[in-house]
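J.:
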Amino acid sequence: MPGFLLNRLSQSILLLVIVSIIGFTVLNLMPGGPLAQYGLDPGMTQKDVQRLSEQLGLNRPLWIQYLDWAWRLVQGDWGHSYRDGSSVLEVISRHLLATLLLMGTSTALAIGIGSWIGIRGATHRYSLFDYCATVGAMVALSVPTFWFGLIGIYIFTLKLGWVPAGNMYAIGDGSVLDYLHHLILPSLVLSLVHVAIWSRYMRTATLDALTQDFVKTARAKGVSERRILLKHVVGNALLPMITLAGVQLPSLLTGALVTETVFTWPGMGRLFLDSLGYSDYPVVMGLLIFSAILVVLGNLIADIVVAVVDPRIRLS
Amino acid sequence: MTKRPATTSNYSRRDALRMMAIGGAAGVIAPNLLGEPVLARTAPAKPTGRVIVGLGQEPTVFNPLMVHIEVDDGVHFSVFDALFRIDPQGVIQPNLAVEVPNQKNGGISEDGLKWRLRLRDDVRWHDGKPFSAEDVKFTLELITNPNFRSWRTAGHALVRDITVISPTEISWRMEEAFAPYLSFLTETFIVPKHILEKEANPNNAAFNQAPVGTGPFKWGQRVAGDHLELVANPDYFGEGPHIEKLVFKYIPDLTVLYTQFKSGDVDLVGQPYITPDHYGEAKTLPNRVVTLVPRTAFESFYLNLERPQFKDLAVREALYAAIDKEAIIQGLYYGVPSPTETFMPRQSFYFDPNLPLHEFNLNRAGQILDKAGWTLGSDGIRTRNGVRLSFTNSTTSGDPLREQVQQFLQQTFAQLGVEMKISNLPAAVMWGEFWMQSQFDSVIVGSTYLIGADPDVTNRLHSRSIAAKGGRGSNNAQYANPEVDALLDKGARTFDPEARRAIYYRVQELVRRDLPFLPLYQSNAVEGLKKGINGFVPNGNTRTESWNALAWYWAS
Numbered sequence: 000m001p002g003f004l005l006n007r008l009s010q011s012i013l014l015l016v017i018v019s020i021i022g023f024t025v026l027n028l029m030p031g032g033p034l035a036q037y038g039l040d041p042g043m044t045q046k047d048v049q050r051l052s053e054q055l056g057l058n059r060p061l062w063i064q065y066l067d068w069a070w071r072l073v074q075g076d077w078g079h080s081y082r083d084g085s086s087v088l089e090v091i092s093r094h095l096l097a098t099l100l101l102m103g104t105s106t107a108l109a110i111g112i113g114s115w116i117g118i119r120g121a122t123h124r125y126s127l128f129d130y131c132a133t134v135g136a137m138v139a140l141s142v143p144t145f146w147f148g149l150i151g152i153y154i155f156t157l158k159l160g161w162v163p164a165g166n167m168y169a170i171g172d173g174s175v176l177d178y179l180h181h182l183i184l185p186s187l188v189l190s191l192v193h194v195a196i197w198s199r200y201m202r203t204a205t206l207d208a209l210t211q212d213f214v215k216t217a218r219a220k221g222v223s224e225r226r227i228l229l230k231h232v233v234g235n236a237l238l239p240m241i242t243l244a245g246v247q248l249p250s251l252l253t254g255a256l257v258t259e260t261v262f263t264w265p266g267m268g269r270l271f272l273d274s275l276g277y278s279d280y281p282v283v284m285g286l287l288i289f290s291a292i293l294v295v296l297g298n299l300i301a302d303i304v305v306a307v308v309d310p311r312i313r314l315s
Numbered sequence: 000m001t002k003r004p005a006t007t008s009n010y011s012r013r014d015a016l017r018m019m020a021i022g023g024a025a026g027v028i029a030p031n032l033l034g035e036p037v038l039a040r041t042a043p044a045k046p047t048g049r050v051i052v053g054l055g056q057e058p059t060v061f062n063p064l065m066v067h068i069e070v071d072d073g074v075h076f077s078v079f080d081a082l083f084r085i086d087p088q089g090v091i092q093p094n095l096a097v098e099v100p101n102q103k104n105g106g107i108s109e110d111g112l113k114w115r116l117r118l119r120d121d122v123r124w125h126d127g128k129p130f131s132a133e134d135v136k137f138t139l140e141l142i143t144n145p146n147f148r149s150w151r152t153a154g155h156a157l158v159r160d161i162t163v164i165s166p167t168e169i170s171w172r173m174e175e176a177f178a179p180y181l182s183f184l185t186e187t188f189i190v191p192k193h194i195l196e197k198e199a200n201p202n203n204a205a206f207n208q209a210p211v212g213t214g215p216f217k218w219g220q221r222v223a224g225d226h227l228e229l230v231a232n233p234d235y236f237g238e239g240p241h242i243e244k245l246v247f248k249y250i251p252d253l254t255v256l257y258t259q260f261k262s263g264d265v266d267l268v269g270q271p272y273i274t275p276d277h278y279g280e281a282k283t284l285p286n287r288v289v290t291l292v293p294r295t296a297f298e299s300f301y302l303n304l305e306r307p308q309f310k311d312l313a314v315r316e317a318l319y320a321a322i323d324k325e326a327i328i329q330g331l332y333y334g335v336p337s338p339t340e341t342f343m344p345r346q347s348f349y350f351d352p353n354l355p356l357h358e359f360n361l362n363r364a365g366q367i368l369d370k371a372g373w374t375l376g377s378d379g380i381r382t383r384n385g386v387r388l389s390f391t392n393s394t395t396s397g398d399p400l401r402e403q404v405q406q407f408l409q410q411t412f413a414q415l416g417v418e419m420k421i422s423n424l425p426a427a428v429m430w431g432e433f434w435m436q437s438q439f440d441s442v443i444v445g446s447t448y449l450i451g452a453d454p455d456v457t458n459r460l461h462s463r464s465i466a467a468k469g470g471r472g473s474n475n476a477q478y479a480n481p482e483v484d485a486l487l488d489k490g491a492r493t494f495d496p497e498a499r500r501a502i503y504y505r506v507q508e509l510v511r512r513d514l515p516f517l518p519l520y521q522s523n524a525v526e527g528l529k530k531g532i533n534g535f536v537p538n539g540n541t542r543t544e545s546w547n548a549l550a551w552y553w554a555s
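Protein sequence lines correspond, in order, to chains V and Z.
The first sequence begins at 0 in numbering that gives the first Met the number 0 and counts up by one.
The second sequence begins at 0 in numbering that gives the first Met the number 0 and counts up by one.
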């Protein structure tokens, strides 16, 4: 195990360096840049823009800017946002909790509902339920999330008045109940796509497990279908799902760009969009590295968990 | 300490006449809103209630001297005070200063070079420390500190020899006479010396995330990406504030912003206001007041005059005649903006209403081009001396209304034998080098020409402001007219408003004749608020609807 971890760690560092070089280069080669937003200000002159460019170090050669950024990153300084001067880690941490709350809830919902639909679809193959689940999953995967969001706001907020139009909490309230109330619509909308994905994967994995010899043996021994399903099928079907969950970890934290925008949710997804819009390079790079670290970690954790759950797999 | 009303002013007869004229026009535009005095007199005795202002961009820069965007202004106007304040009529009023200096009262010397200001003696910072002339000196010096990421340095760079005469009196010398400086000072908020002087690097000071000002509202808390909350300053030296909390809520999607206004989650829609396509419905919403308020932004079909196609005035005249402005305004913009012939906002004292009116006439446009020798080529495009009448037009991608305008104009111009290709760019690309260094053929742009209410447009129209030719401004059309240059130089040195009006009327006349850009319309903001909010007064001379949040209060 230690050898495996060391090997993976060195690969991961190399991967992060490559990702950061590509990200930094692509970002900085885009014309425009962080000072473009001042181009229409009646009082901002070209001289002002040049002065700011020098102060921010944007006039230095790209490779020097990269080395400077990377060196500071190694020392734990992720840089400062061009927009408000706050440290990048502070900016990210300000948005992290909101995303964790939304994505955690929607993922829990998606795994719970999606697994149930998938298992039931597999055990009742070609039933009305199975067909409906298949069609429903296709619709959920095909229709853009923002459309579901707007329709949800129109029906449940404007017409029925059941849930708020958006926001994480009502300003001035902020009680647990208020948070939950605000969480209902965005988490349900966001979980729609994930329910669809999980249900499809779970259905396939369950079907696969159902055809295995140990299931036939259990049946031959007279074990009840319910016990077979719970004890033998679900456990085995969940195994490939662990890898899926590992891969989905980064998206869990980098958030849902569109959903956060539609529901005015102050999370990482919106931060990413905003920072890109303002060409706030330090924050965009911070998010990119943060996301890359999560991808690496997610895969690593998934590998370890699979090995622990399934003794047939040996990491070494 | 003396307690003076915040609106103390020194109106001259001319100022009063100007106010009456412009106030009358504004009254027609916003009859429901201007009925209230700027600072309410019937407000509750104690700050009560809360107003939530919905904004399309997130305010992030709270040190008002640092480089920032429009949306940050609402916070700056609420937390800080400037020496002067500009009212909706464009008249400069005293704020931290006791009076507005001019050549008559001796505040500004006859040659415009020496300035002397008297300051209020009853102002305290939010932390209880007294405000004094030292703070003003510190502020003006910080702006020109080469290590500080300050916003605009124009005007401030001319200030020399700042002298604190007493805690309530300050003077300085200007390197050259610069009349617009008074207007610049209405947007220059004073920061506390006793806090910022201790900072090694003012760019990353803790103050920048939790500012301390003298304004009607104190810093409350910020939930990044969501909202920020200001609380009433009960020790404010002027009238107000009358609300206990002022909240700026960030809602990036404009449809969602409007939806939250409809559902009652936000009390007032701030920048960028209600989109034109929702104007018709918004007017019918119960318990809401929705009004069109003139902005200073002006939309134009902006040309790069160094392109051979556009060097010929006949081409510019023909293209202008081929633009069906009425169809664009009524058909595409739901009748929200107002047609204009100039860059000067119509609410300005310096707006020239006598400019020749545009007329859409495709035949005339064709005749102009025929007469100028632009003949149709075999490919259906006009040419002259080897130059094809073909160009690209750019605007920010993702703006569906402007894209429709482009397509509409593309078809109209094609009928004239003019080829217009569309090439749009993201905002962060568009307004960078491409715009600043005049790398475009033509663009559709909405821009403001004035700072505050001052008519000086040197930065946009003077030939020494052409950045692409090494100039220091943003005359990106590369417009050069010696008479305009001379007038702008004279206007910046002239302090008398009547004399300046004649100068800027002539500038507008020349620009209308030369057509470095083809004027489309002046923007109107669709401002919406809940019924019951009193004291709200739009002010086209500031960049924010929240310029006077100190006067807002809920009807009991």
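Just so you know, even glycine gets a beta-carbon here, dropped at the ideal spot from N, CA and C.
(1) So, helix, strand or coil for I532 of chain Z, using DSSP?
(2) Looking only at its chain, what residues have a beta carbon closer than 6 Å to the beta carbon of G171 of chain V, apart from the 5 residues adjacent to it on each side?
(3) Counting only C-beta atoms, is G48 of chain Z closer than 8 Å to chain V at any point?
(4) From T6 of chain Z to D80 of chain Z, what does the alpha carbon distance come to, in whole angstroms?
(5) Within 8 Å of any Cβ in chain V, is that where the Cβ of G55 of chain Z sits?
(6) Within 10 Å of its beta-carbon, does M102 of chain V have 16 or more other beta-carbons around it, so buried, or fewer, so exposed?
(7) Cutting at 6 Å between CB atoms, please list the residues of its own chain near G106 of chain Z, excluding the five before and the five after it.
(8) Identify the contact partners of F439 of chain Z in chain V, using a Cβ-Cβ distance below 8 Å as the criterion.
(9) Examine chain V for any beta-carbon lying closer than 8 Å to the beta-carbon of Q208 of chain Z, and answer yes or no.
(10) I'd like the span of the beta strand (DSSP E) that includes Y272 of chain Z, first residue to last.
(11) Can you grab the Cα-Cα spacing for the pair W70 of chain V / D134 of chain Z, in whole Å?
(12) Using alpha carbons as the reference points, say which of V:T260, V:Q247, V:V295 lies closest to I110 of chain V.
(13) Relative to the alpha-carbon of V158 of chain Z, which residue among Z:K370, Z:G365, Z:Q477, Z:L112 has its alpha-carbon at the smallest distance?
(14) With a threshold of 8 Å between beta carbons, is W553 of chain Z in contact with chain V?
(15) Please report the straight-line C-alpha distance between E57 of chain Z and A427 of chain Z, rounded to a whole angstrom.
(16) What first and last residue would you give for the beta strand (DSSP E) that runs through T290 of chain Z?
(17) How many whole angstroms separate the CB atoms of N232 of chain Z and P210 of chain Z, which I take to be in contact at a CB cut-off of 8 Å?
(18) Could you tell me the distance, in whole angstroms, from the CA atom of D219 of chain V to the CA atom of F213 of chain V?
(19) Would you mind sorting M137 of chain V into buried or exposed? The rule is 16 or more other CB atoms within 10 Å of its CB.
(20) Extract the residue ranges of the beta strand (DSSP E) inside the region 43-76 of chain Z, only unbroken runs of 3 or more that lie entirely within it.
(21) Are the C-beta of L281 of chain V and some C-beta of chain Z separated by less than 8 Å?
(22) With burial defined as no fewer than 16 other Cβ atoms inside 10 Å of the residue's Cβ, what is the status of K370 of chain Z: buried or exposed?
(23) Closer than 8 Å is the cut-off here; do at least three beta carbon pairs connect the region 405-421 of chain Z with the region 258-272 of chain V?
(24) Whole angstroms are fine: how far does the CA of N146 of chain Z sit from the CA of K46 of chain V?
(25) Within the continuous beta strand (DSSP E) that includes V335 of chain Z, where are the two ends?
(26) Can you find a CB in chain V that lies within less than 8 Å of the CB of Y349 of chain Z?
(27) If you measure beta-carbon to beta-carbon, which residues of the region 93-113 of chain Z are closer than 7 Å to chain V?
(28) Output needed for D126 of chain Z: all residues of its chain with C-beta closer than 7 Å, excluding positions within five of it in sequence on either side, in chain order.
(29) In its own chain, which residues sit with a C-beta less than 7 Å from the C-beta of V192 of chain V, not counting the 5 before and 5 after it?
(30) Closer than 7 Å by beta-carbon distance: list the chain V residues that pair up with G539 of chain Z, in chain order.
(31) Taking only the alpha-carbon atoms, compute the straight-line gap between V525 of chain Z and P275 of chain Z and give it to the nearest angstrom.
(32) For F188 of chain Z, does the three-state DSSP call read helix, strand or coil?
(33) At which residues does the beta strand (DSSP E) containing F216 of chain Z begin and terminate?
(34) Starting from the beta carbon of T44 of chain V, find every residue of chain Z whose beta carbon is closer than 7 Å, and list them in chain order.
(35) For the region 73-139 of chain Z, list the alpha helix (DSSP H) runs that are entirely contained and at least 4 residues long, ordered along the chain.
(36) Roughly how many whole angstroms lie between the Cα atoms of V289 of chain Z and K282 of chain Z?
T.: So, from the listed chains and residues:
(1) strand
(2) none
(3) no
(4) Since pLDDT at T6 of chain Z reaches only 35, below the 50 mark, its modelled position is unreliable, and the value read off the structure follows with that caveat. Computed Cα separation, rounded: 13 Å.
(5) no
(6) buried
(7) P100, R115
(8) What F439 of chain Z touches in chain V: nothing, since even the nearest Cβ is about 12 Å away.
(9) yes
(10) 267-273
(11) 39 Å
(12) V:Q247
(13) Z:L112
(14) no
(15) 16 Å
(16) 287-302
(17) Not really, about 12 Å apart at Cβ, beyond 8 Å.
(18) Correcting the residue type first, residue 219 of chain V is Ala in the shown sequence and not Asp. If you take the alpha carbons of A219 of chain V and F213 of chain V, they lie about 10 Å apart.
(19) exposed
(20) 49-54
(21) The sequence as given places Pro at residue 281 of chain V; Leu does not occur at that position. False, the Cβ-Cβ gap to chain Z never drops below 8 Å.
(22) exposed
(23) no
(24) 15 Å
(25) From DSSP, V335 of chain Z is part of no beta strand (DSSP E); its letter is neither H nor E.
(26) no
(27) none
(28) V211
(29) A139, L140, T144
(30) Residues of chain V passing the Cβ test: none, with the nearest at roughly 14 Å.
(31) 7 Å
(32) strand
(33) 216-222
(34) A153, N458, R471, G472, S473
(35) none
(36) 6 Å
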